[in-house]
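What follows is a short report on a single structure.
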Amino acid sequence: MLSSSLLLADGSITSCYVALPNGKVDALLSNALGDSRSAALVLNSKSGFKLFGGFTYGRRRKTLGLFARRAMETSTPREIEEAQFSESEALISLGVAEELIPEALVWASLHGLVVGDKSVENSGKIAGVGIAHVPFSLLPTPFPAKDFEKAVDLSTLFNELVDRVSLDVEFLKRALGQAQKADEFTGRLLKMYCMILDEGVKQDIRLGLHRSDYMLDVATGDLLQVEINTISCSYPGLGAVISGLHKHVVSEVEGTTRLRSSRVPENNVTDGFVKGLALAWKEVGNKNAVVLMIVQAQEWNMYDQHWLSYRLKELYGVRVIRRTLAQVHAQAKISADGTLVIDGRDVSVVYYRAGYTPNDYPSEVEWDARLLIERSSAVKCPSISYHLVGAKKIQQELASPGVLEKYIDDKQAVSKLRSSFAGLWGLEGAGSDSIIQRAIKEPHRFVLKPQREGGGNNTYGDDVATKLQELVADGGDGLAAFILMQRIFPAVHTSYLVRRGVYSAEKTVSELGIFGAYLRSGDRVILNEQSGHLMRTKVSHSNEGGVASLMMRRADEKMLGFNKWEKRWLQRAALHTFVDGKISSAFGT
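For the sequence shown, our numbering assigns the number 18 to the initial residue and increments by one for each residue that follows.
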């Protein structure tokens, strides 16, 4: 994933071109950005329909979404996989981009938008050695303002939900009971959780620094949650810097384009997370204590973490120390009153930027360190119960009918949360046979997801069928380690991606992340806020295979098979998509 941002538009869906083979349907769904003339649904002659313009905004969106959904439902999985969604023009010309890229690289270097360079020895171990700019998208990615606002509104609801679910011991045990048998890592965490419960929880202050990730599904126009991250959310430090970069870049071209830097929303995610850490530190009441950040031995993303440490000291005078789990094991102890002590320094808050993957526990030493921390009176961010709530199985269980109502009394809040849920299915038990067989038959409609965090663990495309068949053939016991999720097809945009000083124009898809901070002491909620946002962009792949790269293209007869008049209308609609004066922006990494 690369650093990106979102252009908040007044329309519903950013323009999307749906190209289904065999002459079925060619549909151009264009985000009108408030202009009713600039979008309509175009169906080719073989389907018997041609609709151009003339809709009011609300009716147009409903009609376009209906036709897109029908096109999806009547297509085979392979056709959906091969479809090109939202093939749209870039926001600026190639020539302008080439002028902006050097300016953007200078800005990134001057403002600390950097990561470790993996090709340099000791980079990731020693700060300042082998630094490179963060890979980034030159410009923001278009995103509907109302959907961004919806995601922001959901943030505090998910914060509260995570906390309430974390207190339901029996639910966590039941929901993860089968998963722990098939997934050793989840099993170890659940076993430790039960051990701490038996011994007695030493701290009633609960701090959550979360990120909920979303994609905008092109066929339905729905904002759907991909996952919620409750441990080690990446880019709360650099996310704010990336917003600054894009605000600067847009300011360089706003005199010659309709992009406006004034429309770039503020992104204070760094200070938002720091506020949560500082308030937790203050609540403990030990002015001499430090915040302990748990890190990996080699961390190329250390500068994202250092931004938090720097701001915590600058704004609140709180010092942060960094240790690996192995170092905690060697250096830490618990005093008689339950305080965690490292090298003679009291620790009031432990903030995990590691510990979310089995790779962080290569031996029993690391597990013993995690247990030591859990047994102490330090505030853990997250506690092991919060960590478990982030498991994919919990996400799937919460989407089941009637479950949300156990934790949220407000019916309107329940409706808002449920509207963001994609299709989710558990794979254990006799009732799962039908969804397993459907996924084997139509694998391109699903994503197979394990319980753990860290990225790179999901299974897509034909591999979904292969993996499920293997699990069934092995007796089915391993199925409990996974869930199935509806595959979300986001809009595709043309973006200029910059990596190691080299740029390319690519078809990309993006994922919106909304950060949230939550702090509770007993029955008292101290903090529940949306802290900032993030947009991660990656190159769009065809069938999970090779990278599909392109320079800017306009719709033409050869691509869509329309006549000259239709072509002229389509070109005009495509241009309207991104040059409306109401464009604004927000972003992250």
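Positions of the beta carbon are idealized from the N, C-alpha and C atoms, including for glycine. Owing to the predicted nature of the structure, the values given are computational and were not obtained by experimental measurement.
First and last residue of the uninterrupted beta strand (DSSP E) at residue i
i	result
residue 463	463-467
residue 519	519-538
residue 221	It is not in any beta strand (DSSP E) - residue 221 carries neither H nor E in the DSSP assignment.
residue 307	307-311
residue 149	148-150
residue 14	This structure leaves residue 14 out entirely; the chain is present only between 18 and 606.
residue 382	Taken as a continuous stretch (DSSP letters only), residue 382 belongs to no beta strand (DSSP E), being part of the alpha helix (DSSP H) at 381-392.
residue 443	441-443
residue 132	131-133
residue 338	337-340
Exposed unless 16 or more other CB atoms sit within 10 angstroms - verdict on residue i
i	result
residue 466	buried
residue 581	Below a pLDDT of 50, predicted positions are generally treated as unreliable, and residue 581, at 43, falls in that range; the measurement from the model is reported next regardless. Classification of residue 581: exposed, given that the 10 Å Cβ count is below 16.
residue 264	buried
residue 427	exposed
residue 175	buried
residue 418	exposed
residue 55	For residue 55, the predicted structure reports a pLDDT of 27, less than 50, and the residue's modelled location is therefore unreliable. A value from the coordinates is still provided. So residue 55 counts as buried.
residue 350	exposed
residue 19	buried
residue 541	exposed
residue 221	exposed
residue 458	exposed
residue 145	exposed
residue 193	buried
residue 119	exposed
residue 664	In this structure the chain extends from 18 to 606, so residue 664 is not present and cannot be described.
residue 315	exposed
residue 377	buried
residue 197	buried
residue 161	buried
residue 379	exposed
residue 443	buried
residue 318	buried
residue 353	exposed
Supposed close pair residue i, residue j - CB separation, criterion 8 Å
i	j	result
residue 548	residue 286	5 Å
residue 445	residue 195	5 Å
residue 342	residue 395	About 14 Å separates the two Cβ atoms, so there is no contact after all.
residue 307	residue 337	7 Å
residue 531	residue 191	About 29 Å; that fails the 8 Å criterion.
residue 368	residue 132	Between residue 132 and residue 368 the Cβ distance is about 20 Å, and since that is not below 8 Å, they are no contact.
residue 502	residue 556	The Cβ separation is near 21 Å, so there is no contact.
residue 333	residue 295	4 Å
residue 121	residue 218	Contact flag wrong, Cβ pair sits at about 48 Å.
residue 387	residue 213	Actually they do not touch by this definition, with Cβ atoms about 11 Å apart.
residue 371	residue 249	7 Å
residue 401	residue 206	6 Å
residue 235	residue 507	6 Å
residue 260	residue 284	4 Å
residue 254	residue 535	Not a contact, Cβ separation roughly 19 Å.
residue 150	residue 114	That belief does not hold up - the Cβ atoms of residue 150 and residue 114 are roughly 16 Å apart, past 8 Å.
Run of the alpha helix (DSSP H) containing residue i, from where it starts to where it stops
i	result
residue 328	319-333
residue 210	201-216
residue 435	428-436
residue 157	Premise fails: residue 157 is in no alpha helix (DSSP H) and is neither H nor E.
residue 120	111-127
residue 258	255-270
residue 281	Taken as a continuous stretch (DSSP letters only), residue 281 belongs to no alpha helix (DSSP H), as it is neither H nor E.
Cross-strand partners of residue i (DSSP beta bridge)
i	result
residue 546	534
residue 250	Bridge partners of residue 250: none, in fact.
residue 555	526
residue 357	351, 364
residue 503	463
residue 397	367
residue 231	242, 529
residue 476	465
residue 181	According to DSSP, residue 181 bridges with nothing at all.
residue 19	554
residue 541	538
Check: residue i C-beta below 7 Å from any heavy atom of the ligand SAH
i	result
residue 434	For the ligand SAH, the structure offers nothing, since it holds no ligand at all.
Does the stretch 377-386 come close enough to the stretch 413-420 to have 3 or more Cβ pairs within less than 8 Å? Here the stretch 377-386 does not lie against the stretch 413-420, with fewer than 3 beta-carbon pairs under 8 Å apart.
Taking 8 Å as the cut-off, does the stretch 161-175 touch the stretch 429-437 (at least 3 CB pairs, one atom from each stretch)? Contact check between the stretch 429-437 and the stretch 161-175: three or more CB pairs, one atom from each, fall below 8 Å, which counts as touching.
For the 8 Å Cβ check, are there 3 or more pairs between the stretch 232-242 and the stretch 511-524? Contact check between the stretch 232-242 and the stretch 511-524: fewer than three CB pairs, one atom from each, fall below 8 Å, which does not count as touching.
Cβ pair count under 8 Å reaching 3, the stretch 500-515 against the stretch 146-155: Verdict: yes, contact present.
Could you tell me whether the stretch 245-258 touches the stretch 133-142, using the rule of 3 or more Cβ pairs below 8 Å? The stretch 245-258 is not in contact with the stretch 133-142.
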